[in-house]
Amino acid sequence: MSTPPLLLTSMAPGENRRAPRAHVTSDAPRILLDGTWRFSLAARADDLTDGFEVPGLDDEDWGTIEVPGHWQLQGHGSPAYTNVRYPFPVDPPFVPDENPTGEYRRTFELPGDWPEGDAVLRFLGVDSAFTVWLNGVALGWSTGSRLTTEFDIGPHLRVGANVLAVRVHQWSPASYLEDQDMWWMSGLFRSVSVISRPAGAVDDVFVHADYDHTTGAGTLQVETDVPALLTVPELGLERVPAAGPHVVPGVEPWSAEQPRLYDATLTAGGETIAVRIGFRTVVVTDGLLTVNGRRILIRGVNRHEWSPDRGRAVTAQDMLADVKLMKQHNINAVRTSHYPPHPDFLELCDEYGLYVIDECDYETHGFLLTDWMGNPSDDLRWRPALLDRMRRTVERDKNHPSVIMWSLGNEAGSGQNLPAMSVVAHERDPGRPVHYEGDWESGYVDVYSRMYATHDEVDEIGRHAEPLTVDPELDAHRRGLPFILCEYGHAMGAGPGGLLEYQQLFERYPRCQGGFIWEWIDHGIRKRTEDGREFFAYGGDFGEPLHDGNFVADGLLFPDRTPSPGLVEYKAVIAPVRITVERGRVTVANLQDFADTSALRFTWAHEVEGVATASGELTVPPVPAHGTVTVALPTPAAVAAESWLTVRAVLAQAATWAPAGHEIAVGQYQVGTGPAWSVTGGPLSRDLFDQHTGLLTRLGGLPVDGPRLDLWRAPTDNDLGMAGTPVAPRWRELGLDRVMHRVVEQRWDADGFTLRTRVAPAATDLGMLTTYRWTADGDALVLTVEVVPEGPWTDPIPRLGLRMALPAEIGEVEWFGGGPGEAYADSARSAVVGRYRSSVDDLQTPYLRPQENGNRTGVRWAELRGSTGGVRVEGKPTLELTVRRWTSEDLDAAAHTIDLVPQDRVFVNLDLAQTGLGSASCGPGVLPQYELYASPATWTVRLVPIGARDRA
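Residue numbers for the sequence shown follow the working numbering, so the first one is 227 and each next one is one higher.
This is how it looks when you write it as structure tokens:
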């Protein structure tokens, strides 16, 4: 046993580190130390390897580990997930004695031609606190897991073999500053490198590239710690003094829509540094956040760094995939929740065009549970560490044009240290506004930021009618700030719903400048069962005694980066071009802030029941930003079927982030409604129905169970309302998951068969009087359903529809209606009326925790086919359709996708309606217009048998 090292008791940020500086690319020699390291894990910080740092230590019997990486994902310990709660006692600055500590050793060769003089050892990310030795010499220690740390090592390097030893503690006082709603995982998770520092070379650089939107001129000044020469070939600058200022007329400015970069070099002391310059100016003026003199509208996402196999040790491929997917889905902004990202990600944002709120590595949400007593935000003993984190954020990322705002952190309460952090950012970089959401008084920030404000609250804020600040002297300041939702639309499970209504508010009120969906990607960890079946694990799946379950799975991407229906819906809601189709004309509104529509082409198609009968390309002149143009559209001939005109905006040529033809936006107009239903009649056989229950048992030669009334759905994460208003508990309390069906009457007459039932849960007098009226229509059957509620149904109900079961051989579905993907009442902007085909298996959406999913909306007809036939279903009015190999009850009971076992039936829901999704997993529930209440209702379905010869 030994005395804990200083870094396990001190609130200081570190010792003997170099001053923070910009992350740049230079031609100075460097050695990348990524790869295989020797590794040993101790269960406690006071039971470590003696002489661990000595070069001659025999570590042959140690294990190995890959760097970058987390040790918990490489067979050493286990991950643990909490949202708010610290996984250790809140007793700052102290942490548990049971403190897993990783000991890393790496031998690297310094080549004989390595330059003499200074060199630095750079760590891009280490979680959570670490001490470093080189060749047995202690270099220092540091904290700030997602911040760069550098140590001077020139005097300690030697030609030939060098031994680097790093001791990393899972818990440290710094852990109190990093309670960031993510997996607690440790280690050297970003790259480690040795970099030569030539004598007389530039150590730090700060590029100031301002754009004057009134003249079109750019002003370039480059701060360096030693004189340097600047070359920008495209601007005619050749080895000029970097400090400038250099006023360049007619530069092309940088924006997320037009990310123009100028390649430049800085030369000093025999070293050349490459920089990419984007001219742009960010100012809050007249209550608006502006870039290059124009109000911008943020269509953003919050992004944690994540890989299902490597955790936060993301690769270049992961980062590029994220950026391309964002651009492909019309996203223009990222909040780096809740820490600075890998620096390479910001280079991609510069290049591809994404606005960035760069957030400091800071969150203390767990102090909420102690009523914020002891919160570091208001404890002066923590101030050096917090200012250090802010400085390191700003210094590392200050040269990125994509970074338009600094954020002090997330959910860290309020207190005197936060204004001090704001001063650090403002003084070092007056050219960027400062953001922080956790203090609604907003006295030391430049934007008014909220998370999960309701639609009504956003409307109030847009009208400058929000409640007064607690401090009356701050009210005028806050009321004059632009407003953003730094988090909204919690994307947990099915949903989020209500995004369109948020977007309408952003477009209605200039003050409301958009927001960032929570969040980009599910943090599921890839696992396999013993028999090889793959699933994604969430909180509790690693035996953690304290966890927050699947609250870590709340992204627009599944962990493997497959887009969810929520991302497809968001793309449609935030489309930068709005297409309004009418008979004979189409109006194109360009909602972009800078770019015109010259990069797009517009195609049209006339589709009869989803089959194109005519198509072409429209001649649309370039529409300027915020402009509108109307052009003629061919008028199709009338047809005796439902038909639609569909206009799509697609990329005219390949972009760096998507191929030519990639769809940006779509608009539709219904041309014809088609003929009304007619029923020819015919005899109806009693043999088709069960004599006791009255339920249909056969359609032609196809065995059938049902259909009968269904009110239940497997609760979504939003229905459960973990951090919002739950509705699912009330549904269970009412017994909607266990309704019983009592036959009231069976009656045959010349027109057909009538079955009357009462559908009701136990222990209540609520019920649904349900009448099923069956008639024949040739070989088809027509069912009209009438529902009359009994009793005081005061709560919304999950669904109102029919459930039936078909043989398991049914494997393919074709439908005419909304598609191609999942949609619900309040998340249907992405649903385009057309004809689609899918396997039953592909209709499912694999949310990490199984729940209601896979609904297709506005279905006119659907054909469900197997090898020997099937059934065609037609709806009047339209139907909401789900087709599954398991029941809603199976979904409800499952914890993971591997728990869903196909049954010997295919289960089909033919719904009149479902209640919407909302975002009550963390935010507002379903808007009133999308809630489904029990009320008298009538709808009709026609069931047509399909023989084997009828299969398409």
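From the three backbone atoms N, C-alpha and C, an ideal C-beta is built for every residue, glycine too.
Do residue j and residue i count as a contact pair if the criterion is CB distance below 8 Å?
| i | j | result |
| --- | --- | --- |
| Phe505 | Ala435 | yes |
| Arg934 | Leu871 | no |
| Trp367 | Ala355 | yes |
| Phe828 | Val814 | yes |
| Val1179 | Trp632 | Nothing can be reported for residue 1179: it is not among the residues displayed for the chain, which extend from 227 to 1178. |
| Phe1203 | Gly639 | Nothing about residue 1203 can be read from this structure; the chain reaches only from 227 to 1178. |
| Leu1032 | Val1132 | yes |
| Gly1043 | Arg1098 | no |
| Glu292 | Gln300 | yes |
| Leu1169 | Leu925 | yes |
| Phe377 | Glu329 | no |
| Gly1095 | Pro1171 | yes |
| His568 | Met408 | no |
| Asp1003 | Val905 | yes |
| Thr450 | Ser252 | no |
| Trp957 | Pro1018 | no |
| Val549 | Thr562 | no |
Thinking residue i and residue j are a contact (beta carbons under 8 Å), I'd like their distance in whole angstroms, please.
| i | j | result |
| --- | --- | --- |
| Glu1078 | Ala940 | 5 Å |
| Gly295 | Phe415 | 6 Å |
| Asp614 | Gly370 | 7 Å |
| Thr308 | Phe349 | Actually they are not in contact, since the Cβ atoms of Thr308 and Phe349 sit about 25 Å apart, beyond 8 Å. |
| Phe768 | Ala306 | 7 Å |
| Trp608 | Met237 | 5 Å |
| Ala720 | Thr942 | 4 Å |
| Val501 | Val431 | 7 Å |
| His591 | Val316 | The Cβ separation is near 11 Å, so there is no contact. |
| Val969 | Thr1001 | Not quite, the Cβ-Cβ distance comes to about 19 Å (not below 8 Å), so this is no contact. |
| Val794 | Val873 | Actually they are not in contact, since the Cβ atoms of Val794 and Val873 sit about 19 Å apart, beyond 8 Å. |
| Pro467 | Pro479 | The pair is not a contact, with the Cβ atoms about 24 Å apart (cut-off 8 Å). |
Taking residue i as the reference, which of the options has the closest Cα?
| i | options | result |
| --- | --- | --- |
| Ser412 | Glu756, Thr498 and Gly537 | Gly537 |
| Ile557 | Asn528, Ala875 and His568 | Asn528 |
| Thr445 | His382, Leu390 and Tyr437 | Tyr437 |
| Val876 | Pro802, Pro860, Gly513 and Ile522 | Pro802 |
| Pro246 | Val346, Arg1131 and Ala988 | Val346 |
| Arg658 | Trp666, Ser648 and Arg811 | Ser648 |
| Ala559 | Phe265, Ser628 and Gly526 | Gly526 |
| Gln396 | Ser533, Arg264 and Asp272 | Asp272 |
| Thr980 | Arg243, Val1011, Glu959 and Thr1108 | Val1011 |
| Ala364 | Leu707, Ile379 and His852 | Ile379 |
| Ala387 | His681, Gln894, Val358 and Leu336 | Leu336 |
| Asp535 | Ser869, Arg754 and Asp576 | Arg754 |
From which residue to which residue does the alpha helix (DSSP H) around residue i run?
| i | result |
| --- | --- |
| Gly792 | Pro791 to Val799 |
| Leu360 | Leu360 -> not in any alpha helix (DSSP H); beta strand (DSSP E) instead, spanning Ala355 to Leu360. |
| Glu959 | Ala954 to Leu960 |
| Gln543 | Ala542 to Gln554 |
| Arg244 | Neither: Arg244 is in no alpha helix (DSSP H) and is coded neither H nor E. |
| Ala1119 | Ser1114 to Ala1119 |
| Ala651 | Asn643 to Arg654 |
Residue i lies in the beta strand (DSSP E); which residues open and close that run?
| i | result |
| --- | --- |
| Arg804 | Val803 to Glu808 |
| Ser675 | Tyr674 to Met677 |
| Ile291 | Gly289 to Val293 |
| Phe571 | No beta strand (DSSP E) holds Phe571; the alpha helix (DSSP H) holding it covers Pro569 to Tyr578. |
| Gln729 | Unbroken run through Gln729 is the alpha helix (DSSP H), Leu725 to Arg734; no beta strand (DSSP E). |
| Ala306 | Ala306 to Thr308 |
| Gly1101 | Gly1095 to Arg1110 |
| Val837 | Val837 to Leu844 |
| Pro1171 | Ala1163 to Gly1173 |
State yes or no: is the C-beta of residue i nearer than 7 Å to some heavy atom of the ligand FAD?
| i | result |
| --- | --- |
| Arg1086 | Questions concerning the ligand FAD fall outside what the structure shown contains, since it holds no ligand whatsoever. |
Worksheet item: How about the segment 1020-1038 and the segment 1047-1055: do they share at least three Cβ pairs that are nearer than 8 Å?
Response: no
Discussion item. Closer than 8 Å is the cut-off here; do at least three beta carbon pairs connect the segment 768-778 with the segment 832-852?
Written reply: no
Discussion item. I want to know whether the segment 1054-1065 touches the segment 960-970 - three or more CB-CB distances under 8 Å.
Written reply: no
Worksheet item: Okay, do the segment 1150-1162 and the segment 1116-1130 touch, 3+ Cβ pairs below 8 Å being the bar?
Response: no
Discussion item. Between the segment 453-465 and the segment 485-497, can you find at least three pairs of beta-carbon atoms closer than 8 Å?
Written reply: Contact between the segment 485-497 and the segment 453-465 is present, because at least three Cβ pairs lie under 8 Å.
Practice prompt. Specify whether the segment 895-903 and the segment 983-993 touch according to this definition: at least 3 beta carbon pairs, one from each stretch, less than 8 Å apart.
Written response: Three or more Cβ pairs closer than 8 Å define a contact, and the segment 895-903 falls short of that threshold against the segment 983-993.
Worksheet item: How about the segment 704-720 and the segment 734-742: do they share at least three Cβ pairs that are nearer than 8 Å?
Response: The segment 704-720 makes contact with the segment 734-742, as at least three CB pairs between them are under 8 Å.
Practice prompt. Take every Cβ of the segment 843-858, pair it with every Cβ of the segment 910-917, and state whether three or more of those distances are shorter than 8 Å.
Written response: no
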